[in-house]
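One line per chain: the protein sequences are E and Z, in this order. Residue 98 in the working numbering is what sits at position 85 of the first sequence, and the numbering runs on without skipping anything. Residue 18 in the working numbering is what sits at position 5 of the second sequence, and the numbering runs on without skipping anything.
Protein chains: 2
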Amino acid sequence: MPKAVLLLSGGLDSTTLLAVARRDGFDVHAMTFRYGQRHATEIDAARRVAARFGVHDHVVADIDLRTFGGSALTSDSIDVPRDRDVGERGVPVTYVPARNTIFLAFALAWAEVLGAADIFIGVNALDYSGYPDCRPEYIEAFERMANLATRATTEGSLLLRIRAPLSKLTKAQIIQLGTSLGVDYALTQSCYDPDTGGAACGHCDACQLRLKGFAEAGIADPARYR
Amino acid sequence: MPKAVLLLSGGLDSTTLLAVARRDGFDVHAMTFRYGQRHATEIDAARRVAARFGVHDHVVADIDLRTFGGSALTSDSIDVPRDRDVGERGVPVTYVPARNTIFLAFALAWAEVLGAADIFIGVNALDYSGYPDCRPEYIEAFERMANLATRATTEGSLLLRIRAPLSKLTKAQIIQLGTSLGVDYALTQSCYDPDTGGAACGHCDACQLRLKGFAEAGIADPARYR
Numbered sequence: 014m015p016k017a018v019l020l021l022s023g024g025l026d027s028t029t030l031l032a033v034a035r036r037d038g039f040d041v042h043a044m045t046f047r048y049g050q051r052h053a054t055e056i057d058a059a060r061r062v063a064a065r066f067g068v069h070d071h072v073v074a075d076i077d078l079r080t081f082g083g084s085a086l087t088s089d090s091i092d093v094p095r096d097r098d099v100g101e102r103g104v105p106v107t108y109v110p111a112r113n114t115i116f117l118a119f120a121l122a123w124a125e126v127l128g129a130a131d132i133f134i135g136v137n138a139l140d141y142s143g144y145p146d147c148r149p150e151y152i153e154a155f156e157r158m159a160n161l162a163t164r165a166t167t168e169g170s171l172l173l174r175i176r177a178p179l180s181k182l183t184k185a186q187i188i189q190l191g192t193s194l195g196v197d198y199a200l201t202q203s204c205y206d207p208d209t210g211g212a213a214c215g216h217c218d219a220c221q222l223r224l225k226g227f228a229e230a231g232i233a234d235p236a237r238y239r
Numbered sequence: 014m015p016k017a018v019l020l021l022s023g024g025l026d027s028t029t030l031l032a033v034a035r036r037d038g039f040d041v042h043a044m045t046f047r048y049g050q051r052h053a054t055e056i057d058a059a060r061r062v063a064a065r066f067g068v069h070d071h072v073v074a075d076i077d078l079r080t081f082g083g084s085a086l087t088s089d090s091i092d093v094p095r096d097r098d099v100g101e102r103g104v105p106v107t108y109v110p111a112r113n114t115i116f117l118a119f120a121l122a123w124a125e126v127l128g129a130a131d132i133f134i135g136v137n138a139l140d141y142s143g144y145p146d147c148r149p150e151y152i153e154a155f156e157r158m159a160n161l162a163t164r165a166t167t168e169g170s171l172l173l174r175i176r177a178p179l180s181k182l183t184k185a186q187i188i189q190l191g192t193s194l195g196v197d198y199a200l201t202q203s204c205y206d207p208d209t210g211g212a213a214c215g216h217c218d219a220c221q222l223r224l225k226g227f228a229e230a231g232i233a234d235p236a237r238y239r
């Protein structure tokens, strides 16, 4: 089985991504970050999901992005927006500066050590919050850079691939795909709100996109809402 | 003064880089990593250098690259090579997987929060150890990716520049440049060997390149060797 590094947040998208990678025969090395996110309970969700899918190993890496600030997801002084129009233009305050670049850089390091040619990331550019580092042109540019960055890709013959199979799916299609692959979405956590005591808020961007996705898919969302 | 983020290791190259950035009128935000390097005394050198040059601020970020292993610089089980022919082809065991990609990703995050358009990195592709992530084509690919990665570069009008002004200089030229800008190289640390009690070993790649550079520049190296 080919090895792959997979970025796993414990949310709906990355859990579906894991199901896709397993279906496609990859030996998955899952990677989760404790980056100072206020909704750190998602790390528990990532652990549940990794255990359920039989990954090869699961690393939770500590990197403190609160050093830089600048995001509602890491700063106690910026509120997570409620009931925002997620279709509106512009990057919202939940954007974390350069987060996917940092995550993919770590995944690249691990992939090189493992000799893995594939990195899976669950970005999505349709039903999403407008984060620039979720768009296909960004992913392609990262892949091009990565192939110039490492010993494995320059001295060896490794062609590194950043795989983003959910990129052009709607949230409803992602949920349908995962459901067809046996994903139990009760294991996942999407909510950004840090103060909901385990239940989802139903009002942040992530909850709104999730609820809309389940509604459009015609599938009941097993998450517990407050 | 325009703001810049500058990657500062405390070595000869990044110290010269800092002198260049200050000469060119940048308000410097210096960034150093405690990444699990065995030669962690270089962090003290970075602090000395930052204090001497009057940077705006200096962050030492903790990221543990020992999680992945794969390098003589982070693993106790791989020896730092002595008296290797630094001109030989191939990437040596001191290469740290994806290190510059990780460092630049963090610098990108900080630059975005600061509103800085410039990131300085002291890579050098002439008298160097053959690391793939020091080559101009890698730096250019990172810059292209970075300009697709952030809110500042996609929604705002920020054009992010990765500045590598030492890239095409020999080590001797770097030392001459720094000397002309008043750099005190006694503050810097180049040695990779973790067990030299403050003095440099004189035999690792970094020491060899440094000694050759000073000899070719016709300048005395103020470093203390064992």
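Where a beta carbon is used, it is the ideal one built from N, C-alpha and C, also for glycine.
Any C-beta of chain Z sitting closer than 8 Å to the C-beta of residue i?
i: E/E229; result: no
i: E/G49; result: no
i: E/T192; result: no
i: E/I115; result: yes
i: E/Y141; result: no
i: E/L21; result: no
i: E/I56; result: no
i: E/Y108; result: yes
i: E/A111; result: yes
i: E/G195; result: no
i: E/R157; result: yes
i: E/G38; result: no
i: E/F66; result: no
i: E/Y238; result: no
i: E/R35; result: no
i: E/R164; result: yes
i: E/T167; result: yes
i: E/L161; result: yes
State yes or no: is the C-beta of residue i within less than 8 Å of the C-beta of residue j?
i: E/F66; j: E/R36; result: no
i: E/A236; j: E/I188; result: no
i: E/V93; j: E/Y205; result: yes
i: E/L224; j: E/G215; result: yes
i: Z/K184; j: Z/L222; result: yes
i: Z/A165; j: Z/I175; result: no
i: Z/Q202; j: Z/G82; result: no
i: Z/R148; j: Z/A138; result: yes
i: Z/L121; j: Z/I132; result: yes
i: E/T45; j: E/L21; result: yes
i: Z/A130; j: Z/L171; result: yes
i: E/A32; j: E/G191; result: yes
i: E/V41; j: E/H69; result: yes
i: Z/P207; j: Z/H71; result: no
i: E/L30; j: E/L179; result: yes
i: Z/R47; j: Z/D26; result: no
i: E/T107; j: E/S90; result: no
i: E/G103; j: E/G143; result: yes
i: E/V196; j: E/T28; result: yes
i: E/G38; j: E/D77; result: no
i: E/L173; j: E/A213; result: no
Looking at the secondary structure, which residues open and close the beta strand (DSSP E) in which residue i lies?
i: E/K16; result: K16 to L20
Chain E beta carbons: is any one of them nearer than 8 Å to that of residue i?
i: Z/T87; result: no
i: Z/D146; result: yes
i: Z/M240; result: Because chain Z here runs from 14 to 239, residue 240 of chain Z falls outside it and cannot be looked at.
i: Z/V72; result: yes
i: Z/A122; result: yes
i: Z/T45; result: no
i: Z/I175; result: no
i: Z/A118; result: yes
i: Z/L171; result: no
i: Z/I132; result: no
i: Z/E101; result: no
i: Z/A154; result: yes
i: Z/L78; result: yes
In the DSSP assignment, what residue or residues form a beta bridge with residue i?
i: Z/I175; result: Z/I132
i: Z/A213; result: Z/Y238
Taking the alpha helix (DSSP H) that residue i belongs to, which residues open and close that run?
i: Z/E229; result: D218 to A230
i: Z/D37; result: Here Z/D37 belongs to no alpha helix (DSSP H), and DSSP marks it neither H nor E.
i: E/A185; result: K184 to S193
i: E/T166; result: R164 to T167
Report the residue ranges of all beta strand (DSSP E) runs contained in full by the stretch 103 to 158 of chain Z; include only those spanning at least 3 residues, in chain order. 131 to 133
Whole beta strand (DSSP E) runs in the stretch 39 to 83 of chain E with 3 or more residues, listed along the chain? 40 to 47 and 70 to 75
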